[in-house]
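Chains as they are written, first to last, in the working numbering: chain A, 1 to 354; chain B, 355 to 823.
Below is one structure, written out as structure tokens, with a few remarks after it.
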Amino acid sequence: MKRRGRGMATMWYPIGFTVAANPSAAVVKVNEDGTATLLTGTVETGQGSLTILAQIVAQELGIATDDVHVVSADTDATPMDTGAIASRTTYVTGNAARLAAEKAKLTLFDVAAPLLGVKPTQLEAKDHKIVVKGFPQRNMHIGDAANHARMVSGQPPIGSASFNPETVALDPETGQGKPFGTYVYATQMAEVDVDDETGETEVLRIVASHDCGTAINPMLVEGQVEGGVSMGVGFALEEEILFDANGRQINPNLTNYIMPTSLDMPEVEVDIVDNYDETGPFGAKGVGEPTLVPTAAAIANAIFDAVGVRITSLPATSEKVFKALQAKREQQPKQLGTGPASLPSAPGNGASAQ
Amino acid sequence: MAEERSKVVEKPDILERPDILRPTTPAPLVTFPIDLIVPEGRQQTPAVGQRASRADARLHGLGQTKYIDDMYLPNMLFAKIKRAGVASARIKNIDTKEAEAMPGVIAVITGRDIPCNSFGPSLKDQPVLADERVFHAGDGVAAVAAETEQIAAEALEKIKVEYEMLPPVLDPLESLKLETPGVHAPSANIYGHKIIKKGDVEKAFKESDHVFEGTFRTQMVEHVPLEPYACIAHWDANGRVIIYSTLGRITLGRADVARTVGVPMSRIRIVATVVGGNFGGKNEIRAEPIMALLSKKTGRPVKCVYTRPEEFYASTTRHPLVMDYKTGVTKQGKILGRKIRLVLDGGAYCSWSETTLGKACILSAGPYNIDNLEAEAFVVYTNKTMTGAMRGFGAPQVCFAYESHMDDIARALGIDPIDIRLMNAFEEGSISPTGQKLHSVVVKESILRAAKRFGWNGLESGNGKGVKA
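Structure, rendered in structure tokens:
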């Protein structure tokens, strides 16, 4: 019989490298029509990081995401970057990109200020315009300012900047120090059905509440969470590289190394926890890696809740759960009759309530 | 070298059989609509907070994204790497003569041809191609560049390697023991150690109402990116090498290529192409130096694309962990002290083990206020596939342990799993295990929001109920 169970897991995860310097540099160039180019040494590896960086630069310059073209991943053309690792791109590269865009913007403000008859500090950039704060009708198009900067003032609006999270080395004896700039937090809850005759687990639903600071792009956050959950489901139930006695892999292929397909995926409900980190670009932190961290633990706890066996080694394959159920049955005295004594007294004892 | 190049003039029979060859020219062009429709999310201001679609979404959607496997440079060769297939051995001899004599084979190199045959992000313990010793079965021992991928694969069969087999160390707990032979002797098997100490754990256990213990283990898994590792190397007439690679970290990659190939950084250009998934598996060089050297030797561009099996045994994997937890609590569920020991199976090479060790150790107590803590972590060598960077760096492993352990404690005390976590969770200004004051902390918010969304109704929600099969 299939038995329903629920489980949860909570986690914390840092952004960036452990103590070690992991800087990013960036260059932002504003074109004469008010569009812009970002140069970054990071690499888009499928997560949408270049879109996030474009959004950060666009926000700083008051233009739209599509107005920013990102040139990336070429050691000849782009400034150094520690790269797509450690959930650091939004936070570290994002901070560098924002600072670079700010510098280019300040050049535009210097150019626009006399034209608008104010000081540069009285200006802000929004909706494709450079606007006098508090007097939105006094403005000029960012393209006009950028063109004036090049054609008249001779000050091309280009900014470059770098960012490195602040850390303090760990004491080798006690491990005390400040290893990371910031952390994110998350909770996932899993609903599963476990077949108590075969040990097979089906994950029905994952609710994932993730903190990423400001969600620069909620759609990409959802994408990261859904992808992370699928990795977490595989880590929890199926995936395992096996070795023979001589240390050779037995299953180095996708026929025998089982991982979840779309048919194995549970319903994933993504919930973004409102938060703002003052050290991140526009309050953002990151979300790449944490998305899979609590999934396996939540599923293992749900399996216990469903059938009362604690899986202490991953993956919780059907065979493993089946053997654990068998061992549990052998330990329990045979119950005679269906009197009150055999009814569930606490959750997770695996007795049927029907 | 001139001789080697001229060898290609006569086409071998195999080139006349297109049915067994991968196409050497790019796929025919597919036309696509030129008119751009920019999705609204990309046009809105303010830009932050918009559900802007990705800049590369259109290319992906139209099937126009070009990965390295789609790239073809004129006169390009294909390379294959011979894998050891034995976990631990001394290489007595490598005979490449027969392979070199094959029609269509242009160059063969071994570990002895690598100018500086070691790399690694922290310890430089990984050879580009194994020369004297094989440390795991996925080690490369020779590489062939040939006119086609098929010829290169056949040439691998003709390379004869003589091994003196050595007993492999496969179990991390065995490796931890002092009497176990060193995988990288004379270096010790324990190649990384981390400790975090706070308060007095033993005293806390004495003051606890209950002390719980548990041991948890996790397995080795692969990143399984859709696109396996790939790279093309090509020298131009100015003596610069251009490398197209699936690397996620080009700055570090260039430094590693400069060191291993012996070329100044100014003569190296690394271009990371569109990468079809990374998850940590593409964070350091793999075959870039091999392709650079094969290209230098032949004067032609050389491409290498890993097969799926190679992606499993010749790239990095996730560290398996053995995790011992001991936790003292009050009868209300407040954690007074926790002691943790982690043993990480580091596989054959260090790779990103230092980082994984550090993160696993720091995060191992969970997002909880624990005044008395002792966490100690070791990483050891084994003759298994190297473990390295993978999404989460040790965190999914320790989270499985501390959260399973937490549920065991909650259940034994008859407390709702939510309540025990809320009671112990970090809040704004909490001090982390390393003594860091935490900011923008939302552990409790995430728990409560998830519970609301999930419909978690306290202890009595009918768990374990039978459902219709």
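Here a beta-carbon is modelled for each residue, glycine too, at the ideal position from N, C-alpha and C.
- Scanning its chain for C-beta atoms nearer than 7 Å, with the 5 sequence neighbours on each side dropped, one finds around B/Asn723 the residues Asn778, Phe780 and Ser784, in chain order.
- Beta-carbon to beta-carbon, A/Ala146 and A/Val30 are separated by about 5 Å, close enough to satisfy the 8 Å threshold.
- Taking 8 Å as the threshold, the shortest C-beta distance from A/Ser313 to chain B falls below it.
- B/Arg640 sits in coil when the DSSP states are folded into three classes, being neither helix nor strand.
- Nearest neighbour of A/Ile85 by Cα position, chosen from B/Lys636, B/Met645, B/Val402 and B/Tyr660, turns out to be B/Lys636.
- DSSP places B/Cys715 inside the alpha helix (DSSP H), whose first and last residues are Ser707 to Leu717.
- A buried status is given to A/Ala100, since no fewer than 16 other beta-carbon atoms sit within 10 Å of its beta-carbon.
- B/Ala729 is a Cβ neighbour of B/Ile694, given a cutoff of 8 Å.
- Not a single CB atom of chain B sits nearer than 8 Å to the CB of A/Val71.
- Under the Cβ criterion (8 Å, minimum of three pairs), the segment 629 to 645 of chain B counts as touching the segment 664 to 680 of chain B.
- In the structure shown, B/Ala453 falls within a helical segment according to DSSP collapsed to helix, strand and coil.
- Neighbours of A/Asn139 in chain B, taken as residues whose beta carbon is under 7 Å from its own, are absent, since the nearest beta carbon is some 13 Å off.
- Annotated as distal: B/Pro475 and B/Thr614, with beta-carbon spacing of 8 Å or more.
- Annotated three-state conformation of B/Ile596 is strand, per DSSP.
- At a cut-off of 8 Å between C-beta atoms, B/Glu799 counts as an interface residue with respect to chain A.
- Each residue's CA atom was taken as its position, placing A/Ala20 and B/Arg466 some 33 Å apart.
- Taking 8 Å as the cut-off, the beta carbon of B/Glu799 is found closer than this to the beta carbon of A/Val273.
- Looking only at B/Ile716, B/Val611, B/Pro771 and B/Val578, the smallest Cα-Cα distance to A/Asn253 is reached by B/Val578.
- When 9 Å is used as the limit between beta carbons, A/Pro156 is near no residue of chain B, the shortest such separation being about 23 Å.
- At a Cβ-Cβ threshold of 8 Å, A/Asn139 and A/Val152 do not count as neighbours.
- Taking 8 Å as the Cβ-Cβ cut-off, the segment 530 to 554 of chain B approaches chain A at Lys548, Ile549, Ile550, Lys551 and Lys552, given in chain order.
- With a threshold of 8 Å between beta carbons, B/Val615 makes no contact with chain A.
- B/Cys585 has B/Ser599 and B/Cys658 as its beta-bridge partners, per DSSP.
- One Cα belongs to B/Val595, the other to B/Thr605, and the distance between them is close to 15 Å.
- CA-CA distance, A/Ala73 to A/Gly48, rounds to 14 Å.
- With its beta carbon at least 8 Å from every one in chain A, B/Glu528 lies outside the interface.
- If you look at A/Met189, you'll find it in the beta strand (DSSP E) that goes Thr182 to Asp195.
- In terms of beta-carbon proximity, A/Tyr91 stays away from the interface with chain B, with every pair separated by 8 Å or more.
- B/Lys636 reaches chain A at Val43, Thr45 and Ala84, counting residues in chain order whose Cβ is nearer than 9 Å.
- The beta-carbon of A/Ala101 is placed no less than 8 Å from the nearest beta-carbon of chain B.
- By DSSP's assignment, A/Arg310 forms no beta bridge with any residue.
- Looking at the DSSP output, A/Ala21 bridges to nothing.
- Per the C-alpha coordinates, the member of A/Ile303, A/Ala327, A/Val194 and A/Ala25 positioned closest to A/Ala9 is A/Ile303.
- By the CB criterion at 8 Å, A/Val92 and A/Gly143 fall outside the cutoff.
- For A/Thr51, the enclosing alpha helix (DSSP H) starts and ends at Ser49 to Leu61.
- Counting along the chain, B/Asp762 sits inside no beta strand (DSSP E); it lies in the alpha helix (DSSP H) bounded by residues Ala749 to Leu767.
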